[in-house]
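Shown next, in structure tokens, is the structure this report addresses.
2 protein chains.
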Amino acid sequence: MPQLLYTIDEVRKTIKNIKSSNKTIGLVPTMGYLHDGHISLINQSNKDNDITIISVFVNPTQFGVNEDFDSYPRDLKRDLSVLNDSVDYVFTPSKDIMYPSGFDTQIIVNKYSSGLCGVSRPGHFNGVAIVVTKLLNIITPDKVYFGEKDMQQYLLISQLIKDLNINVNAIGCTIIRESDGLAMSSRNVYLSNDERKQAPILYKALNLAKELVAKGLYNTEQIIKLVTATINTMPLAEIDYIEIRDMDSWEAIENIENGKVLLALAVKFGKTRLIDNMIINK
Amino acid sequence: MPQLLYTIDEVRKTIKNIKSSNKTIGLVPTMGYLHDGHISLINQSNKDNDITIISVFVNPTQFGVNEDFDSYPRDLKRDLSVLNDSVDYVFTPSKDIMYPSGFDTQIIVNKYSSGLCGVSRPGHFNGVAIVVTKLLNIITPDKVYFGEKDMQQYLLISQLIKDLNINVNAIGCTIIRESDGLAMSSRNVYLSNDERKQAPILYKALNLAKELVAKGLYNTEQIIKLVTATINTMPLAEIDYIEIRDMDSWEAIENIENGKVLLALAVKFGKTRLIDNMIINK
Chain A
4 MPQLLYTIDE VRKTIKNIKS SNKTIGLVPT MGYLHDGHIS LINQSNKDND ITIISVFVNP
64 TQFGVNEDFD SYPRDLKRDL SVLNDSVDYV FTPSKDIMYP SGFDTQIIVN KYSSGLCGVS
124 RPGHFNGVAI VVTKLLNIIT PDKVYFGEKD MQQYLLISQL IKDLNINVNA IGCTIIRESD
184 GLAMSSRNVY LSNDERKQAP ILYKALNLAK ELVAKGLYNT EQIIKLVTAT INTMPLAEID
244 YIEIRDMDSW EAIENIENGK VLLALAVKFG KTRLIDNMII NK
Chain B
4 MPQLLYTIDE VRKTIKNIKS SNKTIGLVPT MGYLHDGHIS LINQSNKDND ITIISVFVNP
64 TQFGVNEDFD SYPRDLKRDL SVLNDSVDYV FTPSKDIMYP SGFDTQIIVN KYSSGLCGVS
124 RPGHFNGVAI VVTKLLNIIT PDKVYFGEKD MQQYLLISQL IKDLNINVNA IGCTIIRESD
184 GLAMSSRNVY LSNDERKQAP ILYKALNLAK ELVAKGLYNT EQIIKLVTAT INTMPLAEID
244 YIEIRDMDSW EAIENIENGK VLLALAVKFG KTRLIDNMII NK
């Protein structure tokens with residue numbers, strides 16, 4: 004069983020001990036309700052580092068006022084049983100430890116917090132930036148792992164780490180999917196049976212786009228139109244956004260050229276908002 | 004002579020060596036053009052730590068568009084001769100090393116960046132917050148030293164360090180003054196002879212306020228009126244602000260009660276804007 008750490012002092016003491024024996028540390032920041040996506044990050048961390056620490060903290064500052072902070076699934080017992088012996092430490096602080104009374108600082112990573120999820124979730128990425136900065140400063144890992152399902156988040160955090168000179172390597176890990184293609188997410192438990200059956204259309208639509216590009220269709224307006232039509236074949240799907248952006252400039256592009264191009268989408272099924280994405284190359 | 008460090012990689016290697024021998028590190032962040040105020044910070048750091056590092060960097064992000072970034076006095080040769088053997092390392096990065104192309108992150112410490120210098124220097128404290136965060140992440144000192152002449156800055160940085168869980172102790176050091184009471188500042192070199200002669204009125208006015216409080220005058224409006232009148236006896240003085248604030252709540256107060264109360268002021272002499280302050284107790 005991993006050792007549980009609740010306070011920042013406990014973490015600092017633990018880290019000091021680990022570092023004094025010259026061991027390397029990998030951090031996997033999570034909001035709990037662990038699934039195979041998280042496990043893949045943990046496996047990668049265990050491969051790369053001597054010690055793996057997972058944080059389990061449902062971060063209030065990254066939820067909007069009308070979002071699912073209260074209902075977000077929390078079950079530490081379940082998480083510990085999923086983890087079994089796979090990590091060395093679990094840091095699971097209270098809200099008051101992370102945000103004591105008088106907390107007063109904001110971090111804004113401008114470019115990558117605009118567009119896509121930044122539009123429908125204003126303030127979300129500022130909350131992500133602050134909590135990740137805090138976790139990195141508390142745990143001071145050598146490497147930190149993020150799932151590429153949240154590609155916008157991963158790009159934002161990579162920029163944040165570079166800009167603030169945080170001495171850590173941010174590693175993005177491939178999206179892990181259910182057998183029918185649905186990207187794993189703690190929020191998938193919200194889906195009704197009918198919604199769950201229709202949700203794999205997101206991955207099918209992303210694959211369609213990939214095939215279209217492979218066949219020589221580079222006009223993004225047309226690609227987005229066909230992806231939209233595909234998703235709309237599912238009556239319960241309500242599209243939030245479908246966008247194609249250059250991953251460096253973070254600008255919407257008209258034609259797919261060489262370079263790193265991201266097709267990203269967010270679609271609601273009932274009250275559940277799912278996101279998914281794919282990197283597409285000419 | 005101290006060793007000069009120009010790049011972040013050089014600093015990280017140096018720090019790794021120092022820490023591997025379990026030595027403690029004190030950082031004194033400066034914008035150069037060193038005076039006895041800086042030297043007092045260095046002396047304190049040398050008392051407290053095995054190794055003292057000073058950074059010399061005129062930080063562009065803390066200057067407004069119409070401020071004195073271009074004319075701010077820079078003379079590394081002079082600084083090194085002032086330093087002599089008093090520090091172990093001088094980190095003097097270029098602008099491009101601190102802010103490479105694509106830099107995109109902002110840090111805002113809300114409460115302490117409002118009021119006082121935050122009004123006449125909009126954006127100033129965001130620039131201070133970002134550069135201090137970067138320096139602390141690059142150098143990872145045990146302790147970091149600030150002069151209390153910039154009390155608002157010191158309070159803001161203390162809040163920032165707490166909120167971001169940066170593992171460092173921020174130490175505020177007493178204001179160092181010329182023999183006639185003028186607080187030491189790199190900007191004092193801007194003053195003409197006449198301005199220089201009139202500038203000590205700031206300290207006289209602060210002392211007057213202290214005496215008034217000691218004599219039982221607690222009404223801040225009246226105290227500020229008398230401080231204003233005192234400063235206005237100098238024809239070249241142009242008051243920017245004179246304020247009395249509670250150091251915790253950062254609110255202007257009507258009557259001086261128990262607790263930490265700051266009398267802070269900014270006054271222009273010609274083009275030169277000077278600041279000074281005093282903690283006053285009932």
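These protein sequence lines map, in sequence, to chains A and B.
For the first sequence, the residue numbers in the numbering used here are 4 to 285.
For the second sequence, the residue numbers in the numbering used here are 4 to 285.
Ideal Cβ positions, reconstructed from N, Cα and C, are used throughout, including at glycine.
Small disclaimer: the values here were computed from a predicted structure and weren't measured.
Spatial neighbours of residue i in its chain, beta-carbon cut-off 7 Å, leaving aside the 5 residues before and after
i	result
P76 (chain B)	Y36, S189 and V192
F272 (chain B)	L194, E198, Q201, A202, L239 and A240
G175 (chain B)	F149, E151 and Y157
T17 (chain A)	L8 and Y92
Closer than 7 Å to chain A by CB, residue i
i	result
D166 (chain B)	yes
T136 (chain B)	yes
K228 (chain B)	no
Q225 (chain B)	no
I111 (chain B)	yes
L205 (chain B)	no
I141 (chain B)	yes
Q6 (chain B)	no
DSSP beta-bridge partners of residue i
i	result
V59 (chain B)	B:T33
L268 (chain B)	B:I245 and B:D279
S147 (chain A)	Note that residue 147 (chain A) is Val in the sequence shown, not Ser. Answer is A:L30 and A:A173, bridged to V147 (chain A).
Q6 (chain B)	B:Y92
A186 (chain B)	B:R180
I54 (chain B)	B:I28
Own chain, CB closer than 8 Å to residue i, minus 5 neighbours either side, in chain order
i	result
A212 (chain A)	I226, L229, V230, L266, M281 and I283
K98 (chain A)	P63
I256 (chain B)	T223, I247, R248, D249 and V264
W253 (chain B)	K114, Y115, S117, G118 and L158
V61 (chain B)	M34, G35, F72, Y75 and R77
G67 (chain A)	R124, P125, G126 and H127
Closer than 7 Å to chain B by CB, residue i
i	result
F106 (chain A)	yes
L265 (chain A)	no
K114 (chain A)	yes
I169 (chain A)	yes
Q155 (chain A)	no
Q65 (chain A)	no
L220 (chain A)	no
L163 (chain A)	yes
Residues near residue i by beta carbon distance below 6 Å, same chain, minus five either side
i	result
I178 (chain B)	E151, K152 and A186
L7 (chain B)	V93
G40 (chain B)	G150, I179 and M187
A208 (chain A)	V230, T233 and I234
I12 (chain A)	Looking at the sequence shown, residue 12 (chain A) is not Ile but Asp. The answer is none, since no qualifying residue turns up.
S58 (chain B)	P32, F94 and L138
N168 (chain B)	none
I278 (chain A)	A269
Distance cut-off 6 Å: residue i Cβ against heavy atoms of the ligand ATP
i	result
T33 (chain B)	The model depicted lacks the ligand ATP and carries no ligand whatsoever.
message: As an exercise, report each continuous alpha helix (DSSP H) stretch of at least 4 residues that is fully enclosed by the segment 219-260 of chain A, in chain order.
response: 223-234
message: Across the segment 199-207 of chain B and the segment 232-247 of chain B, are there enough close Cβ pairs to call them in contact, namely three or more that are closer than 8 Å?
response: yes
message: Can you confirm whether the segment 128-137 of chain A touches the segment 249-259 of chain A when touching is taken to mean that 3 or more C-beta pairs between the two stretches lie within less than 8 Å?
response: no
message: In chain order, what are the residue ranges of uninterrupted alpha helix (DSSP H) at least 4 long that sit wholly in the segment 64-123 of chain A?
response: 79-86, 98-101 and 120-123
task: Take every Cβ of the segment 20-35 of chain B, pair it with every Cβ of the segment 50-62 of chain B, and state whether three or more of those distances are shorter than 8 Å.
output: yes
task: May I ask you to verify whether the segment 98-108 of chain B touches the segment 107-114 of chain A, counting CB pairs closer than 8 Å and requiring at least 3?
output: yes
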